[in-house]
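Chains as they are written, first to last, in our numbering: chain B, 1 to 352; chain R, 1001 to 1021. Using N, Cα and C, we set each Cβ at its ideal position, and we do this for glycine too.
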């Protein structure tokens, strides 16, 4: 019942990562005049069959791309946004033929569902939420959690989707009286939800009852942590965090991801793995995504780095292509592909 | 090595029965 203290992943790893672990599958360019902001994958119903499609988001347009063959993609739908720019795509597991997007300037002001009319296949938008939205996450079983407001005036809401993209059912969770930064579902416990807060706490809810079960204070050495993944095993909660505000240290370089173990009963926690950049790599985390045991990050240097959290080291580095820095990285939710994007609309799909 | 205190496999149910509704 004790845990090894923090191991540091990726430090002397220059010779252990394998550049060939990422193989280019296909690429396409989204010809948009505005800046590329996000990419994602979604299942889309076409003539009664569900197809794995790619969604690209620019500031003023979201596009759906369907596969023509293994190498080519065709744009089939576009949704336009003239008033408020798109900030991010919000993937919702277990839904198909529906895309959620967050809109706003610096902060999220609206969440919209994008879908097509069943009759004429024309694109339509449904406003789901509006206000001072601090955090949003799509959950399994067609649900979406969002927090609106700050501190004591905060509302944490779970919305369940109806077939037409609207909201079918709403439920409130007990707010933690501190501003929520990010949410994460807990694999292994169906009704558990985690949140990270601005004062470095991890909060745990019961989604069924709305109860706030526990607050766990985590190490103050990293502020404003983002929670990417959580799973419960053998009575312990394993949490993958990233630290966008972390400063470089001489000993470890720049920490990008951290695996933390929490005992939810006692609120004790300990770091078990710190994913740092391989020697010779500089930069900090711009954005990251974690799926199962693999974590990918775009670094300020323009390179994408991938860590295997079970092996405990960096397994792939993807330097900028055609002298253009990477700006987006996402794991596909429809297969094991890595989606990598550049600001000008280039999307590259790699097999990992 | 770090001691995390007593561990319960049913932590979620136990915390749910203790927390205010």
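Member of the options whose CA lies at the smallest distance from the CA of residue i
{"i": "residue 243 of chain B", "options": "B/49, B/109, B/344 and B/224", "result": "B/224"}
{"i": "residue 66 of chain B", "options": "B/28, B/35 and B/21", "result": "B/28"}
{"i": "residue 24 of chain B", "options": "B/321, B/187 and B/101", "result": "B/321"}
{"i": "residue 266 of chain B", "options": "B/168, B/285 and B/237", "result": "B/237"}
{"i": "residue 345 of chain B", "options": "B/22, B/31 and B/21", "result": "B/31"}
{"i": "residue 300 of chain B", "options": "B/324, B/127 and B/333", "result": "B/324"}
{"i": "residue 82 of chain B", "options": "B/60, B/97, B/69 and B/146", "result": "B/60"}
{"i": "residue 134 of chain B", "options": "B/207, B/120, B/292 and B/198", "result": "B/198"}
{"i": "residue 207 of chain B", "options": "B/186, B/272 and B/287", "result": "B/186"}
{"i": "residue 55 of chain B", "options": "B/114, B/22 and B/110", "result": "B/114"}
{"i": "residue 310 of chain B", "options": "B/329, B/26 and B/290", "result": "B/290"}
{"i": "residue 314 of chain B", "options": "B/160, B/326, B/341 and B/274", "result": "B/274"}
{"i": "residue 152 of chain B", "options": "B/126, B/179 and B/160", "result": "B/179"}
{"i": "residue 107 of chain B", "options": "B/132, B/233 and B/121", "result": "B/132"}
{"i": "residue 69 of chain B", "options": "B/328, B/254, B/202 and B/26", "result": "B/26"}
{"i": "residue 356 of chain B", "options": "B/232, B/257, B/214 and B/188", "result": "The first residue shown for chain B is 1 and the last is 352, placing residue 356 of chain B beyond what the model contains."}
{"i": "residue 226 of chain B", "options": "B/214, B/215 and B/196", "result": "B/196"}
{"i": "residue 215 of chain B", "options": "B/62, B/194 and B/343", "result": "B/194"}
{"i": "residue 1009 of chain R", "options": "B/102, B/112 and B/188", "result": "B/188"}
{"i": "residue 45 of chain B", "options": "B/118, B/71, B/34 and B/73", "result": "B/118"}
{"i": "residue 327 of chain B", "options": "B/312, B/284 and B/230", "result": "B/284"}
{"i": "residue 350 of chain B", "options": "B/161, B/312 and B/296", "result": "B/296"}
{"i": "residue 292 of chain B", "options": "B/88, B/231 and B/343", "result": "B/231"}
{"i": "residue 228 of chain B", "options": "B/138, B/163 and B/312", "result": "B/138"}
Beta-carbon spacing of residue i, residue j below 8 angstroms
{"i": "residue 191 of chain B", "j": "residue 140 of chain B", "result": "no"}
{"i": "residue 104 of chain B", "j": "residue 84 of chain B", "result": "yes"}
{"i": "residue 116 of chain B", "j": "residue 144 of chain B", "result": "no"}
{"i": "residue 41 of chain B", "j": "residue 334 of chain B", "result": "yes"}
{"i": "residue 86 of chain B", "j": "residue 57 of chain B", "result": "yes"}
{"i": "residue 294 of chain B", "j": "residue 306 of chain B", "result": "yes"}
{"i": "residue 330 of chain B", "j": "residue 317 of chain B", "result": "no"}
{"i": "residue 352 of chain B", "j": "residue 36 of chain B", "result": "no"}
{"i": "residue 269 of chain B", "j": "residue 260 of chain B", "result": "yes"}
{"i": "residue 341 of chain B", "j": "residue 39 of chain B", "result": "yes"}
{"i": "residue 1007 of chain R", "j": "residue 166 of chain B", "result": "no"}
{"i": "residue 127 of chain B", "j": "residue 112 of chain B", "result": "yes"}
Alpha-carbon spacing of residue i relative to residue j, whole angstroms
{"i": "residue 52 of chain B", "j": "residue 183 of chain B", "result": "25 angstroms"}
{"i": "residue 14 of chain B", "j": "residue 278 of chain B", "result": "The predicted position of residue 14 of chain B is uncertain, since its pLDDT is 45 and thus under 50; a value taken from the coordinates is nonetheless stated next. Approximately 6 angstroms, taken between the alpha carbons."}
{"i": "residue 123 of chain B", "j": "residue 92 of chain B", "result": "19 angstroms"}
{"i": "residue 1014 of chain R", "j": "residue 150 of chain B", "result": "29 angstroms"}
{"i": "residue 239 of chain B", "j": "residue 130 of chain B", "result": "30 angstroms"}
{"i": "residue 109 of chain B", "j": "residue 1005 of chain R", "result": "42 angstroms"}
{"i": "residue 212 of chain B", "j": "residue 96 of chain B", "result": "31 angstroms"}
{"i": "residue 205 of chain B", "j": "residue 241 of chain B", "result": "18 angstroms"}
{"i": "residue 332 of chain B", "j": "residue 209 of chain B", "result": "32 angstroms"}
{"i": "residue 218 of chain B", "j": "residue 272 of chain B", "result": "13 angstroms"}
{"i": "residue 121 of chain B", "j": "residue 220 of chain B", "result": "51 angstroms"}
{"i": "residue 171 of chain B", "j": "residue 146 of chain B", "result": "11 angstroms"}
{"i": "residue 125 of chain B", "j": "residue 201 of chain B", "result": "35 angstroms"}
{"i": "residue 303 of chain B", "j": "residue 245 of chain B", "result": "18 angstroms"}
{"i": "residue 64 of chain B", "j": "residue 287 of chain B", "result": "22 angstroms"}
{"i": "residue 148 of chain B", "j": "residue 181 of chain B", "result": "11 angstroms"}
{"i": "residue 142 of chain B", "j": "residue 169 of chain B", "result": "11 angstroms"}
{"i": "residue 337 of chain B", "j": "residue 1020 of chain R", "result": "43 angstroms"}
{"i": "residue 367 of chain B", "j": "residue 79 of chain B", "result": "Nothing about residue 367 of chain B can be reported from this structure: the residues present for chain B run from 1 to 352 only."}
{"i": "residue 1011 of chain R", "j": "residue 347 of chain B", "result": "43 angstroms"}
{"i": "residue 403 of chain B", "j": "residue 276 of chain B", "result": "Because chain B spans 1 through 352 in this model, residue 403 of chain B falls outside it and cannot be assessed."}
{"i": "residue 1018 of chain R", "j": "residue 203 of chain B", "result": "15 angstroms"}
{"i": "residue 312 of chain B", "j": "residue 102 of chain B", "result": "33 angstroms"}
{"i": "residue 160 of chain B", "j": "residue 1016 of chain R", "result": "22 angstroms"}
{"i": "residue 163 of chain B", "j": "residue 72 of chain B", "result": "30 angstroms"}
{"i": "residue 11 of chain B", "j": "residue 343 of chain B", "result": "Here residue 11 of chain B scores only 44 on pLDDT, less than 50, and its place in the model is too uncertain to base an answer on."}
{"i": "residue 43 of chain B", "j": "residue 88 of chain B", "result": "18 angstroms"}
{"i": "residue 1003 of chain R", "j": "residue 233 of chain B", "result": "17 angstroms"}
{"i": "residue 33 of chain B", "j": "residue 319 of chain B", "result": "25 angstroms"}
Kindly confirm or deny that the segment 150 to 157 of chain B and the segment 175 to 184 of chain B touch, where touching means at least three C-beta pairs closer than 8 angstroms.
They touch, by the three-pair rule.
Does the structure place the segment 276 to 291 of chain B close enough to the segment 258 to 265 of chain B that three or more beta carbon pairs sit under 8 angstroms?
no
What ranges does the beta strand (DSSP E) occupy inside the segment 268 to 302 of chain B, keeping only unbroken runs of at least 3 residues that lie completely in it?
Listed in chain order, the complete beta strand (DSSP E) runs (minimum 3 residues) inside the segment 268 to 302 of chain B are 268 to 276, 285 to 291 and 294 to 299.
Identify every run of the beta strand (DSSP E) within the segment 47 to 113 of chain B, keeping only runs that are complete inside it and at least 3 residues long; order them along the chain.
49 to 58, 61 to 67, 73 to 80, 86 to 90 and 99 to 104
Inside the segment 186 to 239 of chain B only - beta strand (DSSP E) runs reaching at least 3 residues:
Counting only runs of 3 or more, we get 192 to 197, 201 to 206, 212 to 217 and 226 to 233.
Tell me the start and end of each unbroken beta strand (DSSP E) in the segment 125 to 177 of chain B that is at least 3 residues and wholly inside, in chain order.
143 to 148, 155 to 161 and 167 to 173
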